[in-house]
Amino acid sequence: MSKVQVMEHPLIQHKMGYIRDKNTSTKEFRELVDEVGMLMAYEVTRDLSLQDVEVETPVTRTTEKRLSGKKLGIVPILRAGLGMQQGILKLIPSARVGHVGLYRDPETLEAIEYYAKFPGDIEERDIFVIDPMLATGASAVEAITAVKKRGATKIRFICLVAAPEGVDVLKEAHPDVDIYIAALDEKLNDASYIVPGLGDAGDRLFGTK
Ligand SMILES: O=P(O)(O)OC[C@H]1O[C@H](OP(=O)(O)OP(=O)(O)O)[C@H](O)[C@@H]1O
Ligand SMILES: O=c1cc[nH]c(=O)[nH]1
Ligand SMILES: [Mg+2]
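Numbering (the working numbering), first residue to last: 7 to 215.
The structure is reproduced here in structure tokens:
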């Protein structure tokens, strides 16, 4: 069964308050989403494996630790997932990047795929699927299904704000995928927006609407 981790780090909580604020400008919103993406990547990569390496300091030889070279990949869900991409790449710059384009049909709430491009060796990589919002869960379920179809087997999902409804749907559809959340909110409203939420993440990131 999926592990669900809500990241209660004070810096994440502090920044989430500004991200939610409707008076936060597009520029600040973009910067904050990038920063929270980076802080979440720090937590999510806590279990990366290390190997011993010999290093010569100016004084002596010593044994140090280095990442063991596990191949990683991130897959932002377009559009809003792009807002977290750079922040995560700052910490894991060698990760390859795939993209899956999905939009939520406003009537049916179905996630409609319009784009997909993944690294050729995706099946060898640990994959982080990223999107600021987990609302009904339809988009995350579709994106992870698309990634699995290309052969990836070790997948985690990282989001800023999740509704309990979406967490349940994702756990049910992909019980092998662990879920990392900056804030677990109260519910969905009648339009399936997250409450209290932050509004439409894509529109706020890109200044559309
Ligand atoms: O859990 P769900 O109910 O599927 O909703 C979440 C999805 O909705 C938003 O995308 P949107 O459809 O607004 O596309 P956009 O990123 O292009 O704005 C958000 O970025 C998620 O991908
Ligand atoms: O609250 C929500 C729900 C779906 N997509 C968003 O961007 N925000
Ligand atoms: Mg949107």
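Don't be surprised by glycine CBs; every beta carbon is placed ideally from N, CA and C.
Taking DSSP's pairing of strands, which residues face residue i in a bridge?
i      : result
Pro82  : Ile136
Asp58  : Lys71
Glu119 : Leu108
Asp184 : Arg162
Lys193 : Val201
Arg102 : Gly79
Asp10  : Checking the sequence shown, residue 10 turns out to be Val, not Asp. Bridge partners of Val10: Ile185.
According to the neighbour-count rule (16 or more other Cβ atoms, all chains shown, within 10 Å of its Cβ), is residue i buried or exposed?
i      : result
Pro99  : exposed
Ile150 : buried
Ile136 : buried
Val147 : buried
Val183 : buried
Gly3   : Shown here, the chain extends from 7 to 215; a query on residue 3 therefore has no answer.
Asp191 : buried
Arg210 : buried
Leu38  : buried
Gly220 : This structure cannot settle anything about residue 220, because the visible part of the chain is limited to 7 through 215.
Pro16  : exposed
Ile118 : exposed
Pro112 : exposed
Ala197 : exposed
Gly89  : buried
Gln57  : exposed
Lys21  : buried
Gln91  : buried
Which whole-angstrom value describes the C-beta separation of residue i and residue j, a residue pair presumed to lie in contact below a C-beta threshold of 8 angstroms?
i      : j      : result
Ala86  : Gly205 : Wrong, their Cβ atoms sit about 11 angstroms apart, outside the cutoff.
Ala152 : Leu194 : That pair is no contact at about 23 angstroms.
Ser55  : Arg110 : Between Arg110 and Ser55 the Cβ distance is about 37 angstroms, and since that is not below 8 angstroms, they are no contact.
Ile187 : Met7   : So it is not a contact: roughly 16 angstroms between Cβ atoms.
Ile128 : Gly75  : Actually they are not in contact, since the Cβ atoms of Ile128 and Gly75 sit about 17 angstroms apart, beyond 8 angstroms.
Tyr24  : Leu97  : The Cβ separation is near 21 angstroms, so there is no contact.
Arg131 : Ala168 : Actually they are not in contact, since the Cβ atoms of Arg131 and Ala168 sit about 24 angstroms apart, beyond 8 angstroms.
Could you name the residues whose beta carbon sits closer than 5 angstroms to any heavy atom belonging to ligand 3, keeping them in chain order?
Working through the chain, the matches are Asp206 and Gly208.
Minimum length 4: unbroken alpha helix (DSSP H) runs contained in the segment 142 to 172:
Along the length of the segment 142 to 172, whole alpha helix (DSSP H) runs at least 4 residues long occupy 144 to 155, reported in chain order.
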